[in-house]
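In what follows, a single structure is set out as structure tokens and then discussed.
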Amino acid sequence: MKNPVSAFLRPLAAGLGLAVLLLAAGCAGVAENPGPAPRPNPGPDGSQVRLPASPPPAAAPTTPWNTRVSPGSQQIPSFASLAPAVDRSIAYAARKPASAVAIDKPGASLTWGQLHQALLTFRRILPELDRDPSVLSKYFKWVPLDTDTLLTGYYEPTIEVSRTARGPYVWPIYRNPGASAKKHSREAIDYGGALRGKGLEIGYAKDPIAVFFLHVQGSGKLRFVEDGTTEYVLFGGNNGHRYVGVGRVMVNRGCFPEEEMSMQRIRRFLEENPAQIREYLTANPSYIFFRESQTPPIGAMGVPVTPHASIAVDPGFVPYGSLLVVDGDLPGFPGPAPERFTGFVMAQDTGCMRGNHFDLYLGPGEKAAHQAGLMKGTAKAYILMPR
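Note that this note's numbering has the sequence shown beginning at 9, numbered continuously upward.
Set out below in structure tokens:
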């Protein structure tokens, strides 16, 4: 979560899902270190990600979003369940100079003091919103951003691992080796054994593709086969090598058309061509190291991110703590029909996105992984302004 770059897919942009975009261009996934420092692997030159062609978004409903918003439309149990996430933004805004400008957009200008008060009001009316979402219009007006928002997604992967190397479990997930981190490329680490035998292994996976996607996301959860216990692994640094977008390499070499690029398509190609896994994964010399944690992923704002409520943003476009509404499509699951997402979200993380690009945190699980891998498109976004 910072303006980083998940291993090869994360902020991907207009519609491929951050993860997909990262794969293509070299942005990072969710920033997993506490605090607003930029996330893993920043893009090689900071340039905009060139997006593959994508189908037009599904037609938006004709009824205004404020008459459709509900916990169901946000895929949360209740609006009251947003309280912990809102509290984190309240605490963040409270630490800012009250008179300094926080948001300055056409039709929406707020100081940090005003944003703090707006968040307090929103927090107070959450139970009322569960009874009647239209109550929001008594306290807030919604100001649309002047252009459509690029909406992508990221998720929390879970990988099965062994505590020791045995059988098929031979692909290490490493802690940061310190000063020697900068010496070795992905090829040297994964295939040359550069870090082997140094006691840096957190666990061993049986799927090198899954480990690579863990690098892309920047954090995740390990499930140990010995006893079924789990622990989080968060971003713990990288080797400083130049990031290369593996998805772009694969498209350029004719593995599949650009318009098909997704995490799912990349995985399918590699599974169908196992002899080429090494060639393509090592095309990106950048490598992510991890640290164990008992707490979930931490965003760039320095707090845990909340599924379907936290978004990663360009903090130069909207600041951390901002309270917004997003209205757009998520990929269907398990069927192809898109799901409409209309919900209240808070800017609490960042990635390698630039400008009006929001990356929605989808949480753990198969559905989250599926949607993040395919997610791409435009959405409408609104700043909630106190009346």
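Cβ coordinates follow ideal geometry from the N, Cα and C atoms, glycine included.
Note that the structure is a prediction, hence the values are computed from the model and not measured.
- Taking each of P79, S81, V94 and R76 in turn and checking the Cα distance to V313, the smallest one comes out for V94.
- Counting only residues of its own chain and dropping the five nearest sequence neighbours on each side, K104 has a CB closer than 6 angstroms to the CB of W120.
- Sorting S294, V169 and E164 by C-alpha distance to the C-alpha of E234 places V169 at the top.
- The beta carbons of Q82 and H365 sit no closer together than 7 angstroms.
- Your pair Y240 and P304 checks out as a contact, with CB atoms roughly 6 angstroms apart and the cut at 8 angstroms.
- The Cβ atoms of A116 and V151 lie closer than 7 angstroms to each other.
- Exclusion of the five residues before and after G340 leaves P346 and E347 as the residues of its chain whose Cβ lies within less than 7 angstroms of its Cβ.
- If you draw a straight line from the Cα of P165 to the Cα of V178, it comes to about 19 angstroms.
- By the neighbour-count definition (other C-beta atoms within 10 Å, threshold 16), R183 is a buried residue.
- The residue among I111, V77, S107 and S78 with its C-alpha nearest the C-alpha of L331 is I111.
- D322 is positioned such that its CB atom lies no closer than 7 angstroms to that of G385.
- When DSSP states are grouped into helix, strand and coil, D154 belongs to the coil group.
- Put simply, the segment 287-296 does not touch the segment 342-361. Fewer than three CB pairs are less than 8 angstroms apart.
- Annotation: the continuous beta strand (DSSP E) that includes V353 extends over E347 to D357.
- Assigned with DSSP and collapsed to three states, N246 falls in strand.
- I98 and L118 do not touch by the CB rule: their CB atoms are close to 14 angstroms apart, not below 8 angstroms.
- Between the segment 371-390 and the segment 264-279 there are three or more C-beta pairs closer than 8 angstroms, enough to call the two in contact.
- Per DSSP, F325 lies in no beta strand (DSSP E) and is assigned neither H nor E.
- Taking a cut-off of 8 angstroms for Cβ pairs, the segment 202-216 and the segment 248-264 do not touch, as fewer than three such pairs fall below it.
- The segment 277-328 contains, as complete beta strand (DSSP E) runs of 3+ residues, the segments 296-301 and 318-320 (chain order).
- Burial of N246 is indicated by the presence of at least 16 other C-beta atoms within 10 angstroms of its C-beta.
- At the C-beta level, K229 and T237 stay beyond 7 angstroms of one another.
- Within the DSSP bridge table, the entry for F366 names L159 as partners.
- For A91, the enclosing alpha helix (DSSP H) stretches over residues A91 to A102.
- F87 is the residue among F87, V224 and F298 whose C-alpha sits nearest the C-alpha of D140.
- About 6 angstroms separates the Cβ atoms of Y100 and M309, confirming a contact at the 8 angstroms cut-off.
- Excluding five sequence positions before and after A196, the CB atoms of its chain that fall closer than 8 angstroms to its own CB belong to A202, given in chain order.
- In the three-state reduction of the DSSP assignment, E374 falls in the helix class.
- C-alpha of R395 to C-alpha of S301: approximately 42 angstroms in a straight line.
- When T350, C360 and A355 are compared, the shortest CA-CA separation from R96 is found for A355.
- 7 angstroms or more divides the Cβ of A389 from the Cβ of D357.
- If only complete runs of 3 or more residues are kept, the segment 153-237 shows the beta strand (DSSP E) at 157-164, 166-170, 179-182, 209-213 and 228-232, in order along the chain.
- In the same chain as E279, and ignoring 5 residues on each side of it, the C-beta atoms closer than 8 angstroms to its own belong to I217, in chain order.
- Rounded to whole angstroms, the Cβ separation of R171 and G211 is 6 angstroms, and the two are in contact under 8 angstroms.
- Positions of the alpha helix (DSSP H) runs, each at least 4 residues long and wholly inside the segment 120-155, are given as 120-139 and 144-147 in order along the chain.
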